[in-house]
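Peer 1:
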């Protein structure tokens, strides 16, 4: 996997581990709930990850956007499909989303170029 | 269609018409772009409407949530599928989303009871 | 209790019941987690409700603000204490909070006049 | 003045009065600071009200939007000028702004039809 | 031009180019619409850039803030005028804007010291 | 004090100084109001800093979160107490808060390990 994506994943894992071993039941339960919400149900995982990506774009959180781009790619979504989630994110969220779109699209190119 | 949904649609149409006849090219072009973003492309309309719903929930806009619930139902998405988009919206957006979830779920029941 | 507060509580309960009987495990678990986060722990309930109020004000959610004002009053917090949470909310969140502050302060007067 | 605008102003005044007589120095000082920020300085009042309107639109606060539309009209800004502030608000804030734009444009028509 | 401003512009251009050559019509049309919204109309470009700056501050996007500061300076707005847009942004958006104001004011000094 | 916390404080002070000597009365008055809001009143400073932390988490501002963690620690709040403010922040604000929680918890460990 590309360097930027790999680094992102490692940092994320280290810090998640800290939080999960902090002793807070609320942190643990929230993380479990978050994971569960993206599991296949009436909707497939792909659709859920695309919703996670669109939601992260309109809320303008770079880390969340990066995470969902990586997950979308892992689930086998094509570049064109992921781009359409970004299009929804841009139109719903407006031009304030553009700086995040720049970084997101750059990561998408890196991830789908592999 | 149920009364609340029908009223919502009518009010929306009247006000949209005003905006589109206001003479503002920016308003017209934005509305056209918004409509285009939800058309079938690499992703089907259903997936796009679900993304629109999830994004509207985390941004906590009742009118946008209502609109996308109606569109999801029109596209033939099942109640269980639409609920999973609401679940993503709730988990991503947090308890601040709950008042909107209350109204959204109530509309979903009304729309899917038809 | 005053009429506005009483109506608010009833509507909230009816809609919460709907959501909790919807069959969504995510909704149920989120609501349980939300309730648990405000229980006494290292911090007392009073402090947690004040934090909930300040957070609701900066996120500008009228229903959440109303709920936490009622909870603060139930926990025996004085009007002057609840007002200071509103002050933090106003300063952190800016003048965009003012319309919510207007409604919040009006409810606070109603609740503490009992 | 039109009915909707007049009602809005009255309600606003009554509630502001309550807040200013609440005894909170923070409320009083914040309100004074807010008023001062829109006074003529290096920039004229008109420009400041337009900035207030654009900022209110992207933050999606109906009361704030209404207030600044009324102030813009009072300052003698033309309908076309106020509409361009709304255009900036729509483009920066995205389609989530549209429900607020609908209500805003409707008020603008009412106010400028006088 | 100062180093920080120059670097910002270059990075922005490279990434914008990527997005515009991505093949997404939605990206292209949104960027065109965004550019068009800031052109002179009933309001002059200066006023539009000030509105863009105030809107960016309340939405707390550093890149957008930087961009509009540079554009304001290019259009010949004085430091005192740009500062008043920041004042509106601070008052509307609250103390949560302060970290962005720190970086914004620092860039403004750099840009207007030339 | 730990390096990261110390660096944060220094940078903050330098930039605050710039803003306060900028000549803007609005900046000065806002900063004074902000400081005043956290002084002991009906509520103790500890409670106010916890509210500031919870509000900063739901608004997802890293600098504000860091500042209030440092202030909470200075005021003698225990790690477990500060963690409960983070729990409220996570539950109210949702999973979009998680990247900020990661950085916040990491700073909390650094600060309370001293």
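Chains as they are written, first to last, in the numbering used here: chain A, 184 to 297; chain B, 184 to 297; chain C, 184 to 297; chain D, 184 to 297; chain E, 184 to 297; chain F, 184 to 297. Yeah, the Cβ is synthetic: ideal placement off N, Cα and C, and Gly gets one too.
1) Could you list which residues in chain F have their beta carbon closer than 8 angstroms to that of residue 201 (chain A), in chain order?
2) Look at the alpha carbon of residue 228 (chain E) and the alpha carbon of residue 221 (chain E), and state the distance between them as a whole number of angstroms.
3) Just to check my reading of the structure: residue 287 (chain B) and residue 252 (chain B) have Cβ atoms closer than 8 angstroms, yes? What is that Cβ distance to the nearest angstrom?
4) Going by DSSP, what residue range makes up the alpha helix (DSSP H) through residue 271 (chain B)?
5) Are the beta-carbon atoms belonging to residue 239 (chain A) and residue 272 (chain A) less than 9 angstroms from one another?
6) Can you round the beta-carbon distance between residue 275 (chain B) and residue 279 (chain F) to whole angstroms, since I take them to be within the 8 angstroms contact cut?
7) Near residue 262 (chain D), what residues of its chain come up, given a Cβ to Cβ distance below 6 angstroms and the 5 sequence neighbours on each side ignored?
8) Look up residue 282 (chain A) in the DSSP assignment and say whether it is helix, strand or coil.
9) Smallest Cα separation from residue 256 (chain B): which of B:210, B:293, B:208 and B:186?
10) How is residue 176 (chain C) classed by DSSP in three states: helix, strand or coil?
11) Near residue 254 (chain A), what residues of its chain come up, given a Cβ to Cβ distance below 6 angstroms and the 5 sequence neighbours on each side ignored?
12) What residues in the region 266-277 of chain A have a beta carbon less than 9 angstroms from any beta carbon of chain B?
13) Please classify residue 186 (chain C) as buried or exposed, where buried requires at least 16 other C-beta atoms within 10 Å of its C-beta.
14) Within 9 angstroms of any Cβ in chain E, is that where the Cβ of residue 237 (chain F) sits?
15) Check whether the Cβ of residue 195 (chain A) lies closer than 9 angstroms to any Cβ atom in chain F.
16) Could you pull out every residue in the same chain whose Cβ sits closer than 8 angstroms to the Cβ of residue 259 (chain E), ignoring the five residues on either side in sequence?
17) Comparing C-alpha positions only, which one of C:188, C:189, C:218 and C:210 sits nearest to residue 285 (chain B)?
18) By Cβ distance, which residues of its chain are closer than 8 angstroms to residue 358 (chain F), with the 5 residues on each side in sequence left out?
19) I need the DSSP call for residue 221 (chain B), collapsed to helix, strand or coil.
20) At least one CB of chain D closer than 9 angstroms to the CB of residue 279 (chain A): is that the case?
21) What would DSSP say about residue 226 (chain F), mapped onto helix, strand or coil?
22) Label residue 204 (chain A) either buried or exposed according to how many other C-beta atoms from any shown protein chain fall within 10 Å of its C-beta, with 16 as the threshold for buried.
23) Is the separation between the beta-carbon of residue 223 (chain E) and that of residue 234 (chain D) shorter than 9 angstroms?
24) Residue 259 (chain B) by DSSP, collapsed to three states: which one?
25) Cβ atoms of residue 289 (chain A) and residue 270 (chain F): under 9 angstroms apart, would you say?
26) What separation, rounded to the nearest whole angstrom, lies between the Cα atoms of residue 189 (chain D) and residue 199 (chain D)?
27) Is residue 250 (chain D) close to chain E, meaning its C-beta is less than 9 angstroms from at least one C-beta of that chain?
28) If the cut is a Cβ gap below 8 angstroms, which residues of chain A does residue 244 (chain E) touch?
29) Between the region 209-220 of chain C and chain A, which residues of the former have CB atoms less than 8 angstroms from a CB of the latter, in chain order?
30) Express the C-alpha separation of residue 192 (chain B) and residue 291 (chain B) in angstroms, rounding to a whole number.
31) Indicate the three-state DSSP secondary structure (helix, strand or coil) for residue 206 (chain A) in the structure shown.
32) Would residue 215 (chain B) be called buried (16 or more neighbouring beta carbons within 10 Å of its own) or exposed?
33) Would you say residue 226 (chain C) faces chain F, with C-beta separation under 9 angstroms as the test?
34) Closer than 8 angstroms by beta-carbon distance: list the chain G residues that pair up with residue 261 (chain F), in chain order.
35) Does DSSP put residue 296 (chain B) in a helix, in a strand, or in coil?
36) I believe residue 282 (chain B) touches residue 246 (chain C) by the beta-carbon criterion, under 8 angstroms. Please report the beta-carbon distance rounded to the nearest angstrom.
Peer 2: Taking the geometry as given:
1) 285, 288, 289 and 292
2) 6 angstroms
3) 6 angstroms
4) 262-276
5) yes
6) 6 angstroms
7) 295
8) helix
9) B:293
10) Nothing about residue 176 (chain C) can be read from this structure; chain C reaches only from 184 to 297.
11) 232
12) 266, 267, 268, 270, 271, 272, 273, 274, 275 and 276
13) exposed
14) no
15) yes
16) 229
17) C:210
18) Absent from the structure is residue 358 (chain F), since the part of chain F shown begins at 184 and ends at 297.
19) coil
20) yes
21) coil
22) exposed
23) no
24) coil
25) no
26) 15 angstroms
27) no
28) 243, 279 and 282
29) 209, 212, 213, 216, 219 and 220
30) 15 angstroms
31) coil
32) exposed
33) yes
34) The question asks about chain G, but that chain is absent: this structure's protein chains are A, B, C, D, E and F.
35) coil
36) 4 angstroms
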